[in-house]
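Student: So that we are looking at the same thing, I have put the structure below in C-alpha cells.
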Amino acid sequence: MRFIFILLLGSLAILPVSSFSSAHAGSVVAKIDLSDQRMRVYINGFPRHSWPVSTARSGYRTPIGTFKPGRMHERYFSKKYHNSPMPHSVFFYHGYAIHGTTAIKKLGSPASHGCVRLHPDNAKRLFSLIAKNGKKNAKIVITR
332 MRFIFILLLG SLAILPVSSF SSAHAGSVVA KIDLSDQRMR VYINGFPRHS WPVSTARSGY
392 RTPIGTFKPG RMHERYFSKK YHNSPMPHSV FFYHGYAIHG TTAIKKLGSP ASHGCVRLHP
452 DNAKRLFSLI AKNGKKNAKI VITR
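Read in order, the letters of the sequence shown are residues 332 to 475 in this note's numbering.
Put into C-alpha cells, the structure is as follows:
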C-alpha cells in the first residue's frame, strides 16, 4: 500500500493514498525530448516515469510545442500507413499521436513517420493515466 506523509499543525500524519478522494483529478504532463528520445511523465508536478520513445526519422517530422490530448483509442489502426496498429493512441495534433509500437528494438532512436511511439505497456499506462485524470488535466509537451 502507498502512503502520503503530511505535516499538519506540527504533527506528522501518515495517510494511505486511497484515503484521498478520486474526485480531485491530478495533472498529467508528458514531456517528450526529441534530442534524447525520452518521455518523462509528471503527475501533479512530480516525475513518475521516464521511457524511451521513437519519434520522426529523417524525412519526417514530429511537431514541437504544447498540446492537449484529443481523441483517444484503445485500439486503432493507421489509415495512412498500411493499417499499422497504433494501440492506446492519444492523438494530440491533427493525425499525430502517442501510441504503442511493436518495433520496441527501435525505441530510443528516431524511427517513426512523426508519431511518438512507446513500448505497448508504457502506452497503456499513459493512456490510463490520461483517461483516469481527464484530458482537460493533461498536457503533452514536445521539445528539441
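Glycine included, C-beta positions come from ideal geometry on N, C-alpha and C.
Keep in mind that this is a model prediction, so the values were computed, not measured.
1. Does the region 364-378 come within contact of the region 403-413, defined as at least 3 CB pairs closer than 8 Å?
2. Just to confirm before moving on: does the CB-CB distance between residue 447 and residue 360 stay below 9 Å?
3. I need the boundaries of the beta strand (DSSP E) containing residue 361, first residue and last residue.
4. Taking 9 Å as the threshold (beta carbon to beta carbon), is residue 433 in contact with chain C?
5. What are the residues that DSSP puts in a beta bridge with residue 449?
6. By Cβ distance below 6 Å, which residues in the same chain neighbour residue 420 in space, the five residues on each side in sequence not counted?
7. On the CB-based measure, 16 or more other CB atoms within 10 Å of its CB, does residue 434 come out buried or exposed?
8. Quick check: what's the CA-CA separation for residue 396 versus residue 441?
9. Applying the criterion that 16 or more other CB atoms from any shown protein chain within 10 Å of the CB defines a buried residue, is residue 432 buried or exposed?
10. Helix, strand or coil, according to DSSP, for residue 388 in the structure here?
11. On a Cα-Cα basis, can you pick out the residue from 394, 451 and 416 that is closest to residue 363?
Tutor: In terms of the structure at hand:
1. no
2. no
3. 359-364
4. Among the chains in the structure shown there is no chain C, since it carries only a single protein chain.
5. 431
6. 404, 407, 428 and 430
7. exposed
8. 18 Å
9. buried
10. coil
11. 394
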